[in-house]
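Numbering (the numbering used here), first residue to last: 31 to 499.
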Ligand code: NAD
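Shown next as C-alpha cells:
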C-alpha cells in the first residue's frame with residue numbers, strides 16, 4: 031500500500047513538502063509507518079480535482095453510484111482480516127472488539143445504509159411545485175483517531191452516495207486503516223477526482239481544507255475545541271457544516287433499576303475501546319439511597335473485564351492510543367483524587383505498563399468537579415448521587431455536552447426521565463440501537479446527524495422548482 035502518499039485526482043502522489051509523520055503502535059510503542067505531512071499545496075490540488083469531478087459524478091445515476099460503493103464495501107468485507115490487523119496495530123485494540131465493532135460492525139452498517147440510499151426520493155411533487163434534492167458539491171471530511179474506520183465510512187460513503195465529491199483528511203494518529211478504505215474505492219472503480227485523501231495535521235491540512243473557497247460542506251468529527259475552530263473557519267465561507275463532537279454522557283439510575291443491566295451497560299462503554307468513545311456513559315447518577323447496592327454492582331461487574339496486553343486473546347481492552355492520551359487521562363485521575371472524589375477502585379497509573387490504564391471508578395463525585403465536567407476519554411467513571419429524581423435529571427443536564435444518555439428503571443418512568451435529558455439519544459434499560467439510527471449531539475456535542483437515512487439526507491440540499499402551468 032502507498033502509505034507515504036496522498037490520493038489525488040486518481041493517483042497516489044507524494045506530498046509537496048516531502049515531509050512525513052510517524053505512526054506509532056501504542057502496544058509496542060514502535061514506529062510502524064510514515065504518512066505524508068501534507069500542506070496547503072496538496073489541499074489545493076485535492077480540492078481542484080474534487081471540484082472538476084463534481085458535475086459528472088452528481089449527474090451519474092444514483093443506482094450506479096450505489097453499486098460502486100457497495101462493491102467497495104464488499105471489497106473491504108473480503109479483506110476484513112487484513113483491515114483488523116492494521117486497525118489493531120494503529121489503535122491498540124484487541125481482536126474481538128476490532129472485529130465485532132470497528133470492522134465487521136461498521137461495514138455492515140455502511141452496507142445497510144446503502145440499501146436505504148436506494149429509497150431516497152431525489153424529486154418530489156408537492157402542492158403546485160416540485161422539490162429536487164441535490165448534492166452540495168465538494169465535501170471535506172475530517173475524522174478523529176478513536177474509530178479509524180467507522181468515522182470515515184459514516185461520512186465519505188453517504189457523501190459520495192448522494193452525489194458529492196470528497197476530500198478526506200483522516201486523523202494523523204490512526205491513518206493507516208484509511209488506506210484500505212481508499213484502496214477499496216479504487217478497486218471498485220471510483221472515477222478520477224471523485225475521492226481524494228490527504229494526510230497531515232489539523233493545522234496544515236484540516237484548516238486550509240475547511241476554509242477552502244471551493245469546498246461546499248465540511249463534516250467534522252472530533253473534539254469540541256477542534257470543531258468550534260473548524261466551524262468558525264468554514265462559516266466565513268458560508269459552508270454547510272456538520273459537527274460530531276465530544277460528550278460527557280449521563281447514565282441516570284432510578285429507584286427500582288436493574289443494577290446488573292445498569293452496571294454492565296455503563297462499564298461496557300467505559301472499558302470497550304479503552305474508554306475512548308464519544309458516547310461513553312462517563313457519569314453514573316444514582317439515588318443516594320442506593321449507594322451501597324450501586325457500588326457493589328459496579329465492583330462485581332468490573333471483575334468480568336480484563337484490561338491489559340491486547341494481543342492476548344482474553345483481553346477486553348488494551349492501552350489508550352497515545353502517550354498524549356495517557357498523560358491526559360492520568361492528569362484527570364490525579365485531579366479527581368485532589369478534588370476529594372472517593373477512589374472506589376483503580377489508581378493513578380504509574381507508567382510501568384506502557385499506555386495501559388486500569389479502570390478507575392470515582393464515587394461521591396460533585397458535578398462541578400473537572401472529572402464530572404470534562405471529557406476524559408479513558409477508562410474512568412464518575413458516580414454521583416442525588417436526593418430525588420428531579421435533582422438526578424438536573425445533574426444529568428448540568429453539562430455543556432449532549433451527545434448520548436441512558437436511563438435505568440421501570441420502563442415508563444425511565445422513558446419520562448429520558449425525555450427530559452437534553453441529548454441526541456437515550457438508551458432505556460437494555461435497549462439496543464440498530465446501527466442505522468440517527469447519531470449526533472445536542473449543545474456542545476455538535477449538530478447534524480450520522481447514520482441511516484438521516485445521515486444520507488445531511489448530504490443533500492433542497493431546490494424548489496416552479497413550473498409554468
Ligand atoms: P481532534 O479534534 O483533535 O481531531 C479531529 C480531526 O480534526 C483530526 O483529523 C484532526 O487532525 C483535525 N483537527 C483538529 N483540530 C483541528 C483544527 N483546529 N483545524 C483543522 N483540523 C483540525 O479530535 P480527536 O482527538 O482526533 O478525537 C477525539 C474527539 O472526537 C473526542 O472529543 C470525541 O468525543 C470526539 N468524537 C466524537 C464523535 C461523535 O460522533 N460525536 C465520534 C468520535 C469521536
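All C-beta atoms, glycine included, are put in the ideal place defined by N, C-alpha and C.
Distance, Cα to Cα, residue 470 vs residue 63? Looking up residue 470 in the chain shown gives position 440. Looking up residue 63 in the chain shown gives position 33. Each residue's alpha carbon lies about 32 Å from the other.
CA-to-CA distance, residue 199 to residue 122, given in whole angstroms: Position 92 of the chain shown holds residue 122. Position 169 of the chain shown holds residue 199. Taking the straight line joining both Cα atoms gives about 21 Å.
Below 8 Å between beta carbons: does that hold for residue 446 and residue 434? For this step, residue 446 is matched to residue 416 along the chain shown. For this step, residue 434 is matched to residue 404 along the chain shown. Not in contact: residue 446 and residue 434 (Cβ atoms no closer than 8 Å).
Residue 401 Cβ short of 7 Å to the ligand NAD heavy atom set: Stepping through the chain shown from its first residue, residue 401 is reached at position 371. Residue 401 Cβ: outside cutoff for every heavy atom of the ligand NAD.
Am I right that residue 195 and residue 84 are in contact with their C-beta atoms under 8 Å? What's the rounded C-beta distance? Position 165 of the chain shown, counting from 1, holds the residue named residue 195. Position 54 of the chain shown, counting from 1, holds the residue named residue 84. The pair is a contact, with the Cβ atoms about 5 Å apart (cut-off 8 Å).
Label residue 383 either buried or exposed according to how many other C-beta atoms from any shown protein chain fall within 10 Å of its C-beta, with 16 as the threshold for buried. Taking the first residue of the chain shown as position 1, residue 383 is located at position 353. By the neighbour-count rule (16 or more Cβ atoms within 10 Å), residue 383 is not buried but exposed.
Whether or not the region 386-394 and the region 350-367 are in contact is what I'm after, with contact meaning three or more pairs of Cβ atoms, one per stretch, closer than 8 Å; do they touch? yes
What did DSSP end up calling residue 187 once you bin it into helix, strand or coil? Reading the chain shown from its first residue, position 157 is the one you call residue 187. In this structure, residue 187 counts as helix in the three-state DSSP scheme.
CB-CB under 6 Å to residue 422, same chain, minus the five flanking residues each way: which ones, in chain order? Numbered from 1 along the chain shown, position 392 holds the residue referred to as residue 422. Hits under 6 Å: 282, 315 and 416.
Would the C-beta of residue 362 count as close to the ligand NAD, meaning under 7 Å from any of its heavy atoms? The residue given as residue 362 occupies position 332 in the chain shown. No, the beta carbon of residue 362 sits no closer than 7 Å to any heavy atom of the ligand NAD.
Mind checking residue 386: buried by the 16 CB within 10 Å criterion, or exposed? As a first step, residue 386 must be located in the chain shown, where it is residue number 356. That one is buried.
Looking at the strands, I want to know which residues DSSP matches up with residue 410. For this step, residue 410 is matched to residue 380 along the chain shown. For residue 410, which the question treats as bridged, DSSP gives the partners 390.
Would the beta-carbon of residue 177 be found less than 7 Å away from any heavy atom of the ligand NAD? Looking up residue 177 in the chain shown gives position 147. Yes - the ligand NAD has a heavy atom lying nearer than 7 Å to the Cβ of residue 177.
State the start and end residues of the unbroken beta strand (DSSP E) segment that holds residue 114. Taking the first residue of the chain shown as 1, we reach residue 114 at position 84. From DSSP, residue 114 is part of no beta strand (DSSP E) but of the alpha helix (DSSP H) over 110-121.
Please identify the residue among 222, 90, 488 and 324 whose C-alpha is closest to the C-alpha of residue 273. Along the chain shown, one-based indexing puts residue 273 at 243. Comparing Cα positions, the closest option is 488.
Does DSSP put residue 249 in a helix, in a strand, or in coil? On the chain shown, position 219 is the one that residue 249 refers to. Strand, per DSSP.
Bounding residues of the beta strand (DSSP E) (the contiguous stretch that carries residue 52): Here residue 52 refers to the residue found at position 22 when the chain shown is read from its first residue. Where residue 52 is concerned, the enclosing beta strand (DSSP E) stretches over 50-54.
Applying the 10 Å Cβ sphere with the 16-neighbour rule, what's the burial state of residue 464? Position 434 of the chain shown, counted from the start, is the residue given in the question as residue 464. Burial call: exposed.
Evaluate residue 462 with the Cβ neighbour count: other Cβ atoms within 10 Å of its Cβ, from every protein chain shown; 16 or more gives buried, anything less gives exposed. Position 432 of the chain shown holds residue 462. Label assigned to residue 462: exposed.
Is residue 174 near the ligand NAD, in the sense that its beta carbon is under 7 Å from a heavy atom of that ligand? One-based indexing of the chain shown puts residue 174 at position 144. At least one heavy atom of the ligand NAD is nearer than 7 Å to the Cβ of residue 174, so yes.
Give the C-beta separation of residue 164 and residue 490 to the nearest angstrom, bearing in mind that I take them to be a contact with Cβ-Cβ under 8 Å. Stepping through the chain shown from its first residue, residue 164 is reached at position 134. Stepping through the chain shown from its first residue, residue 490 is reached at position 460. Confirmed, Cβ separation roughly 6 Å.
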